[in-house]
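Chains as they are written, first to last, in this note's numbering: chain Y, 183 to 599; chain L, 656 to 1273.
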Amino acid sequence: MSKKGDMLYAWTNDADIKKKAELGGAVTALWKYALESKAVDAVLVISKGKDLYDAKPTLVKNAAELANTAGSLHCGTLLLPKLVKKYLEGAENMKLGVTVKGCDAMAFYELAKRKQINLDNVVMIGVNCGGSVSPVLARRMITEKYGVDPDMVHKEEIDKGQFIIEFEGGHKGISVDELEESGYGRRSNCRRCKMKIPRQADLACGNWGVIGEKAGKATFVEVCSDKGAKLVDGAVKSGVLSVEPSIPKGLEIRGKVEGAMLKLGDKWRKHDFEALGEGTDRLKKIMEETSRCIKCYSCISACPICYCVDCTTKNPNYVTPGEVPPNFMFHLIRFAHIADSCVNCGQCQELCPSEIPNALFMHSQQVELEKMFNHVPGVSMELPLMAYAEERVERDRLHNTGSDMIYENVFKPLNKH
Amino acid sequence: MDFKYVPSICPYCGTGCGINLVVKDGQVKGISPWQRNPVNEGKVCIRGNKSFEFVNSAERITTPLIKKDGKFAEASWEDAYREIASKLKAVKGDEIGCVASARTCNEDNYVFKNFAANVVKTANIDYCGRRCNADAVRGLTEAFGQGAMTNSITDISAAKAILVIGSNPLEENPLAGRRVIMARKNGAKVIVADARTSATAKIADLHLAVNPGTEVAFVNGVAAAIIKAGKENKDFIAKKTANFEKCKAAVAPCTPDAVAKICGISAEAVTKAAELFTAAHPASIITSAGAVSGDLIRACANLALLTGNVGVAGAGVNLLRGKSNAQGAMDVGCVPADNGHTVPAMIEAAAAGKIKALYIMGENIASAGSHVAAVLDKVGFLVVQDMFMTETAAKAHVILPSASFAERDGTVTNSERRIQRVTKAVEPAGKSKADWQIVCDLAKAMGAEKDFAFTSSEEIFAEITKHVPAYAGITYTKLEAPEAVQWPAAGGKFGTAVLYADKFATKDGKGAFAAVEYKAGEAVSAEYPFAVAAQWPMGTLSMNTPSIVREFPEAKVIISKADAENLGIITGSSVKVSGKSGSVTLAATVTTAIKAGVVSLPLTFAAAAVKLEKTEEA
């Protein structure tokens, strides 16, 4: 019997999964068991779309289809929890298994604490993530830095600080540092990320720390919850998965890899935040960059903190409809509503058509707010001030006062007669 | 539960951004980014972000309609076809006009063109791009050999200098606008000539508030200043071009002082623009809806040839198109030969009783103005094929309901000649059908079974590649790759990103300079003291997308703060706008982002000079 806190090596015994999956195939095997045992109704995973660079969310209900979704895609820059909220009813009506990166796990927590996702119905298998690369940039990087036709590449991975490609006729690795020095590599939010092993998930899986005879043949699994333990036990019992305790040296190495990644995250934070300047310099920079905004609302559509039915950016008293670029209030509203809970998932920046470093701005504020209020987003169910109100209830309450102006209602700056 | 992502192409502008349609249980529930598409890398503007809304609109026309006693009655497809067949057979071919669409697929337009030529036998085929860029496309053909954007949207970011004229890409073609932002981040100098301080003008290094309608004078002035400074690319001109002397003579009168006077800017600004444009190579010229006439595009082509800015990435004359398939509709041949009428000529002929029937697919031509609307009321028989009850459809005798882009397969060709796949994600609303299917069924009902026996859009595309040389060698299989193919296909794995790398496609292989003289348009006068800068109007898709209507609930007249103060107008005031051809009452938006003496009005209000009267208190 496994329990929360266990550190295991795990591998599949399923012949089909073995053929396609990487590093022991434990994640795929666990999902197979979850589906077959009806622990979940469906599994939401990333699979290959048009090609290796096209990451596509896929809802799998039939365990036989799982093998096709195996393997990691570092060009997958998607954030799944917002999809669960928007399109899968926040897992309110189905039990859902989801493979998550650190940012996914954090976003799940933030949406759950705002009652937008029912985490009781979600099983999360976390995977270590050193960062992701935007697909079109990845292709350019492979063409220009590797001298390889990106369509000839059949596998890519990030290992030991290198981005490695396998292609017809060979393989080639270049250090991520070197790639990033020359303007390629991971997304900037990924560089600053310090959620490399997503322990908020029920299980945290990866290849860091798999050494000795199991190297390359097993997945490292950290059991992070009772739900996770139950899933592992069930999978072992069904015969699809085998486990053994990890060896201490492996655990140590895993810790070292994580430590090195966190240090790198700190380096990038220092680099990025210092470049922003401080105080009015920083404000000026933010105002200048955001002045290119074309108000596509993508940052809001994709943000895992945004869930309001009536977004304040659509209140004509604050932001004039149709005005492009919108006034700075548009961005101030986003900062005020999101910054305390920003999980640095990077979506607002990745999807910005005006090339505004939105995630950098929001993340830099989150870090400052965390220093002031000790609130850490994405790791617990603790609510920040801004999330205390249940939106619909609060809107109704405000509406009944005859005004929907939150400031007026909450802080009562004037005594009305 | 059925849940899937279906990659497709945004149905709005000619940038052709990739999107993922999010389909749940047979319904399009939203749009998700498609990061893998090379045009936009997952980024979209508000239109792309909300382009699923109209698909699910309750206003969709879902069954054929036949007008009886002034009212539409639901009809079967068979009855609708029978009605159309009998009415069209009763008139002669040259009494019929056919209007194709810049927002339907290549396959639709191709069979529509064949329907016009072979079934009703009329030479009167044109498409709605006539109102925007059809003449500009002809200008490009004459100058360079191909009627399309010379370069790629992506390679705009490689430019070191950019001149934007007659265009506001940040708002009109935002994901092409993004490339201007990227170029500027890489150090490019951006010059924007626009009477409005548009979103694009706001990011410019040099913004010149040229008076509307004087853009040709400005571009000629820049060319003249370059020649005067001896900065023209003599080698390129000698080896690759023809008729330079004609151009040189034509631009000579456009001295900085003369241009300053015409355009309402300083003489120094003209010289400065010339300096910035020639200071670094490559330099790109971007234009779009402002290039209505062929003159501006030829002036721009002159400037590009003069500075050797053709045939390399980051250079070129880049005509950004307004609608998703403005390029493709023309590529597949929906333009009249010499013996056929253009859309305006069809309207004129209809007014004179010479055109007796019109078949309009996917276009609201009544929005071109009250004169067009009045003619449509009088035309003997009007067939409209559309998704919505547009102003034009409301005047029809028979309406044929079209499937939306999400409900059918096909291809669209964006501004940069990239032919991309539109993929069926859900079943058509009600009884609606793909446009090609409707046209083919109608053709069959009129006895042309053999030539219209297509069973898929792919079969039609195969046919297109046999008849349109630029599309030769392209197949749906090749278009499966997210890069798709930029025509001409022979240029490389994904076609040709930059035209004319070796030589021009003109008969002599040389880039043709032209003598483009600035012709003053209708000038402002004491009676009509305000010059008009045209705004892009809301189209059929936008008007049926609540999130966009929320942003732009009604057309506005945009007035400078200085003029508004003089006239006692504030934002929201009701203002009567009058020109020679008529008047309209609109709400005002007062702004500092437009030059005094200029007002901005929807493109559909055809006047170059107007007067303003405040009609009531706001």
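Glycine included, every Cβ here is placed at the ideal spot set by N, Cα and C.
Residue i versus the options, residue with shortest Cα-Cα distance
{"i": "isoleucine 716/L", "options": "Thr1246/L, Ser1057/L, Leu1196/L", "result": "Ser1057/L"}
{"i": "alanine 954/L", "options": "Thr896/L, Trp732/L, Val877/L, Phe767/L", "result": "Val877/L"}
{"i": "glycine 272/Y", "options": "Leu444/Y, Asp302/Y, Asn371/Y", "result": "Asp302/Y"}
{"i": "glutamate 395/Y", "options": "Ser184/Y, Met183/Y, Gly187/Y, Ala192/Y", "result": "Ala192/Y"}
{"i": "proline 239/Y", "options": "Val266/Y, Gly504/Y, Glu537/Y, Met276/Y", "result": "Val266/Y"}
{"i": "valine 1212/L", "options": "Gly988/L, Arg758/L, Thr1240/L", "result": "Thr1240/L"}
{"i": "threonine 1200/L", "options": "Pro688/L, Cys700/L, Ser706/L, Lys684/L", "result": "Ser706/L"}
{"i": "alanine 856/L", "options": "Glu826/L, Asn875/L, Leu830/L", "result": "Glu826/L"}
{"i": "proline 633/L", "options": "Ser948/L, Val967/L, Ile920/L, Ala730/L", "result": "Here chain L covers residues 656 to 1273 and nothing more, so residue 633/L does not appear."}
{"i": "serine 1238/L", "options": "Ala1007/L, Glu930/L, Ala1261/L, Ala772/L", "result": "Ala1261/L"}
{"i": "valine 865/L", "options": "Ser822/L, Lys1158/L, Val699/L", "result": "Ser822/L"}
{"i": "glycine 1085/L", "options": "Ala713/L, Ile674/L, Leu676/L, Gly669/L", "result": "Ala713/L"}
{"i": "leucine 226/Y", "options": "Ala203/Y, Met276/Y, Val280/Y", "result": "Val280/Y"}
{"i": "glutamate 1062/L", "options": "Asn711/L, Ala924/L, Glu750/L", "result": "Asn711/L"}
{"i": "glutamate 870/L", "options": "Val847/L, Ala880/L, Lys886/L, Lys1231/L", "result": "Val847/L"}
{"i": "valine 1153/L", "options": "Ala813/L, Val766/L, Lys768/L", "result": "Ala813/L"}
{"i": "glutamate 750/L", "options": "Met1001/L, Lys840/L, Arg976/L, Pro829/L", "result": "Met1001/L"}
CA-to-CA distance, residue j to residue i, given in whole angstroms
{"i": "lysine 412/Y", "j": "alanine 216/Y", "result": "10 Å"}
{"i": "methionine 640/L", "j": "glutamine 682/L", "result": "Any question about residue 640/L goes unanswered here, given that chain L covers just 656 to 1273."}
{"i": "valine 774/L", "j": "leucine 743/L", "result": "10 Å"}
{"i": "phenylalanine 1274/L", "j": "threonine 495/Y", "result": "Because chain L is modelled from 656 through 1273, residue 1274/L falls outside the range shown and cannot be assessed."}
{"i": "alanine 922/L", "j": "glycine 800/L", "result": "34 Å"}
{"i": "asparagine 371/Y", "j": "leucine 542/Y", "result": "7 Å"}
{"i": "glycine 1146/L", "j": "valine 1030/L", "result": "46 Å"}
{"i": "histidine 1122/L", "j": "threonine 942/L", "result": "30 Å"}
{"i": "isoleucine 739/L", "j": "tyrosine 489/Y", "result": "50 Å"}
{"i": "tyrosine 667/L", "j": "alanine 1005/L", "result": "30 Å"}
{"i": "arginine 833/L", "j": "lysine 903/L", "result": "34 Å"}
{"i": "glycine 313/Y", "j": "glutamate 1135/L", "result": "28 Å"}
CB contact below 8 Å: residue i versus chain L
{"i": "cysteine 406/Y", "result": "no"}
{"i": "cysteine 478/Y", "result": "yes"}
{"i": "glutamate 460/Y", "result": "no"}
{"i": "tyrosine 328/Y", "result": "no"}
{"i": "serine 370/Y", "result": "no"}
{"i": "arginine 474/Y", "result": "yes"}
Whether residue i touches residue j by CB criterion (8 Å)
{"i": "alanine 1028/L", "j": "cysteine 787/L", "result": "no"}
{"i": "proline 498/Y", "j": "serine 473/Y", "result": "no"}
{"i": "valine 990/L", "j": "tyrosine 782/L", "result": "yes"}
{"i": "aspartate 1041/L", "j": "alanine 1048/L", "result": "yes"}
{"i": "serine 1070/L", "j": "methionine 837/L", "result": "no"}
{"i": "alanine 816/L", "j": "phenylalanine 932/L", "result": "yes"}
{"i": "alanine 757/L", "j": "lysine 978/L", "result": "yes"}
{"i": "valine 1081/L", "j": "isoleucine 664/L", "result": "no"}
{"i": "leucine 423/Y", "j": "asparagine 195/Y", "result": "yes"}
{"i": "leucine 361/Y", "j": "lysine 409/Y", "result": "no"}
{"i": "aspartate 1090/L", "j": "threonine 759/L", "result": "yes"}
{"i": "threonine 1270/L", "j": "threonine 1244/L", "result": "no"}
{"i": "cysteine 534/Y", "j": "cysteine 485/Y", "result": "no"}
{"i": "serine 1215/L", "j": "alanine 1251/L", "result": "yes"}
{"i": "valine 525/Y", "j": "methionine 288/Y", "result": "yes"}
{"i": "alanine 1186/L", "j": "alanine 1263/L", "result": "yes"}
8 Å Cβ cutoff, residue i in contact with chain Y
{"i": "lysine 679/L", "result": "yes"}
{"i": "leucine 830/L", "result": "yes"}
{"i": "methionine 1198/L", "result": "no"}
{"i": "tyrosine 1131/L", "result": "no"}
Residue i Cβ short of 7 Å to the ligand ADP heavy atom set
{"i": "alanine 1098/L", "result": "The ligand ADP is absent from the structure shown, which contains no ligand whatsoever."}
Residue i burial status per 10 Å Cβ neighbour count (16 or more: buried)
{"i": "histidine 599/Y", "result": "Residue confidence is low: histidine 599/Y scores 43 on pLDDT, short of 50, so the model does not pin down where it sits. No coordinate-derived value is stated."}
{"i": "lysine 477/Y", "result": "buried"}
{"i": "valine 491/Y", "result": "exposed"}
{"i": "lysine 201/Y", "result": "exposed"}
{"i": "glutamate 180/Y", "result": "In the structure as shown, chain Y begins at 183 and stops at 599. Residue 180/Y is therefore absent and cannot be evaluated."}
{"i": "glycine 1102/L", "result": "exposed"}
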